[in-house]
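Scroll down for the structure; my scribbles are underneath it.
There are 2 protein chains.
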Amino acid sequence: MKSRIRELRQLSGRSQAELAESLSVSRQTVNALERGRYDPSLQLAFIIAGYFGLTIEEIFLANKE
Amino acid sequence: MKSRIRELRQLSGRSQAELAESLSVSRQTVNALERGRYDPSLQLAFIIAGYFGLTIEEIFLANKE
DNA sequence: TCCATTTGTAAAGCACGCTTTACATTGCAT
DNA sequence: ATGCAATGTAAAGCGTGCTTTACAAATGGA
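As you go down the protein sequences, you meet chains F and B in turn. Okay, so the first sequence: first residue is 128 according to the numbering used here, each after it adds one. Okay, so the second sequence: first residue is 128 according to the numbering used here, each after it adds one.
Below you can see the structure in the form of structure tokens.
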């Protein structure tokens, strides 16, 4: 599944480590999600959507890749 | 996380087995999700939302339970 | 160039999502 | 009361989501 995490993070001018801190996950998790190595849990998807002030559907694109 | 899966399934008058078939998952998975035994993967959440014609946020309530 | 920051990766380990098989319980129609 | 459909539950097994530790590569400012 594709996501706009990297794009959104860069727009906010923050590093992976900073975002990870805000999301309460490891930096490796943010990196893996940005690089599409795996999908986040539903819980984490909600946390990410909440952080960016968007819906899950606006950040994660199902049926993609 | 709470979900409205059972409510939505019953409104459609279908059994867990029938819903499971439509979602391409096992009946036990539908049962477990309805009973809140665990959260679905993000992929499955998208499939469920698509099936009911609702958004993930309309079906799954984060911060609940 | 040098150094610090950022990003990418790897491995081991634990918990969870989902499967299959199988059986017990509940509910309902006859 | 009997029987079948629907639901609940359990156990073993597999892949994935996420962690920690650790190191390598890339980026960029002075």
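For each residue, glycine too, the CB sits at the ideal point set by N, CA and C.
When Cβ-Cβ separations below 7 Å define contact, residue 173 (chain F) makes contact with chain B.
Residue 157 (chain F) is positioned such that its CB atom lies no closer than 7 Å to that of residue 169 (chain F). For the 7 Å CB-CB criterion, residue 186 (chain F) and residue 160 (chain F) do not form a contact.
DSSP places residue 149 (chain F) in the helix class (H, G or I) of the three-state scheme. Around residue 179 (chain F), no beta-carbon contact reaches into chain B at under 8 Å, the shortest distance being about 14 Å.
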